[in-house]
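K.L.:
Residue 202 in the numbering used here is what sits at position 203 of the sequence shown, and the numbering runs on without skipping anything.
Encoded as structure tokens, here's the structure I'll be asking about.
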Amino acid sequence: MVSMNDIIKVGDRMSAMPASILRVTSMLAEGNTDPDEIASIVKSDEVLTAAVLRRANSVAFGSTGRVFDLRQSIVRLGTKNLTHVIMEQKSTDIFGESGTAFGLDRGALWRSGIGGGIGAEYIAKRVAPEEVDLAYIAGLLRDIGKIALDAFFGEQYFKMLAPHIDSTRSFVECEKLALGFDHTQVGQAMGEAWGLPTRLCNAIRFHHDPPAEGDDHDSLNDLVHAADAICLWAGLAVGHDGLAYNLAPHVRDSLELTRKEAEHEIAHVWTEVKKIEENLNAPVAQEKTA
């Protein structure tokens, strides 16, 4: 039987996060917003440096005058906007052309990642403002396990799962029957291999089955779980696994995710993803349905 470590090694080679981005991501996730330290890391990446300067001097910030210094740009942007710049720029490197193992066209998994970040952040603003920055990162990275499985198995992946698929099982249950583990566990292991903070890794692990109230409960898991559902309802990255995931009742209740609120968040996620796609000139891919 294939080991998880073998899969992670292949996935890491195909979509490894640059060390500099890992450092900044971990700093922001842990609340370290020292502009000098962040600037010293960002400046090692020319593309990212240009993106930070460009965003700080964009129309949204133009009323306060232009800045040409990286540190000043970081201060002007603030944690939230800096996190967005970094993850939007580098998410295309992380997700690349992944997705064929799950019946997705090129760009669909990237779009779902961005949508998950936007969705988790948007919900957090309403119910848990202290989690906004971490929720964005966790929502965006929640499906990194799919990257590794895609890199290792390609189109053969679904053929392996097919004998186990029926209407009584969730997609992750089918994965466990075929492999002994699922994409959320692979994602958690990848996050740990990258040195991501524990809460981020746990949010990746539990984005389909967040523990209810108790010792293992974490509001971040709930936010990412809800964002994943929003992305599916919005039609982002609906592949072989289709809509074979349910929103946990305790998450629906605790986040007050009424039908009206869900519709509002779906519209917000879709609109924002399209804006980012246009800004980055990312390919517009049509998702396949299950």
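Here a beta-carbon is modelled for each residue, glycine too, at the ideal position from N, C-alpha and C.
Could you say if the stretch 121-141 and the stretch 194-207 meet the contact criterion of at least three C-beta pairs nearer than 8 Å?
P.N.:
Result yes; three or more Cβ-Cβ pairs closer than 8 Å.
K.L.:
Is the stretch 216-235 close to the stretch 85-103, with three or more CB pairs under 8 Å?
P.N.:
At 8 Å Cβ cutoff, the stretches do not touch.
K.L.:
Tell me which residues share the same chain as His216 and place their Cβ nearer than 7 Å to its Cβ, disregarding the 5 neighbours each side in the sequence.
P.N.:
Locating residue 216 in the sequence shown gives position 217, where the first residue counts as 1. Within the same chain, His216 has close Cβ partners Pro210.
K.L.:
Look at the Cβ atom of Met189, then the Cβ atom of Ile73, and state whether they are nearer than 8 Å.
P.N.:
By 1-based counting over the sequence shown, the position of residue 189 is 190. By 1-based counting over the sequence shown, the position of residue 73 is 74. No.
K.L.:
Which of the three DSSP states, helix, strand or coil, is assigned to Arg75?
P.N.:
Counting from 1 along the sequence shown, the entry for residue 75 is found at position 76. Three-state DSSP puts Arg75 in a helix.
K.L.:
Beta-carbon separation of Val272 and Leu235 under 8 Å?
P.N.:
Working through the sequence shown from its first residue, we reach residue 272 at position 273. Working through the sequence shown from its first residue, we reach residue 235 at position 236. For Val272 and Leu235, yes; Cβs fall inside 8 Å.
K.L.:
Taking 8 Å as the limit between beta carbons, can you name the residues of its chain near Ser57, skipping five residues before and five after?
P.N.:
Locating residue 57 in the sequence shown gives position 58, where the first residue counts as 1. Closer than 8 Å at the Cβ level, and outside the excluded window around Ser57, lies no residue.
K.L.:
Could you check which residue in Lys158, Glu96, Ser169 and Ala266 has the C-alpha nearest to that of Tyr244?
P.N.:
Here residue 244 corresponds to residue number 245 of the sequence shown, with the count starting at 1. Taking only the C-alpha atoms, the option nearest Tyr244 is Ser169.
K.L.:
Under three-state DSSP, which class holds Lys42?
P.N.:
Position 43 of the sequence shown holds residue 42. The answer is coil: DSSP assigns Lys42 none of H, G, I, E or B.
K.L.:
Hey, could you find the ends of the alpha helix (DSSP H) Ile297 is sitting in?
P.N.:
For the chain, the structure presents residues 0 to 289; residue 297 sits outside this window and is missing.
K.L.:
Could you pull out every residue in the same chain whose Cβ sits closer than 7 Å to the Cβ of Gly153, ignoring the five residues on either side in sequence?
P.N.:
Indexing the sequence shown from 1 puts residue 153 at position 154. Thr99 and Ala100, listed in sequence order.
K.L.:
Val250 and Asp221 look like a contact to me (Cβ under 8 Å); what is the Cβ gap, rounded to whole Å?
P.N.:
Indexing the sequence shown from 1 puts residue 250 at position 251. Indexing the sequence shown from 1 puts residue 221 at position 222. Yes, they are in contact, since the Cβ atoms of Val250 and Asp221 sit about 5 Å apart, within 8 Å.
K.L.:
Using CA atoms only, rank isn't needed, just tell me which of Ser90, Gly114 and Ile146 is closest to Val9.
P.N.:
Looking up residue 9 in the sequence shown gives position 10. Ranking the options by Cα distance to Val9, first place goes to Ile146.
K.L.:
For Ala266, count the other beta carbons within 10 Å of its own beta carbon; 16 or more makes it buried, fewer makes it exposed. Which is it?
P.N.:
In the sequence shown, residue 266 corresponds to position 267, counting from 1. Answer is exposed; the Cβ neighbour count stays below 16.
K.L.:
Taking the alpha carbon of Trp269 as the point to measure from, which residue in Ala107, Leu81 and Asp35 has its own alpha carbon closest?
P.N.:
Along the sequence shown, read from residue 1 onward, the residue named residue 269 stands at position 270. The shortest Cα separation from Trp269 among Ala107, Leu81 and Asp35 belongs to Ala107.
K.L.:
Pair every Cβ in the stretch 117-128 with every Cβ in the stretch 169-179, then say whether three or more of these pairs are closer than 8 Å.
P.N.:
Touching, no, given that fewer than three Cβ pairs across the two stretches are closer than 8 Å.
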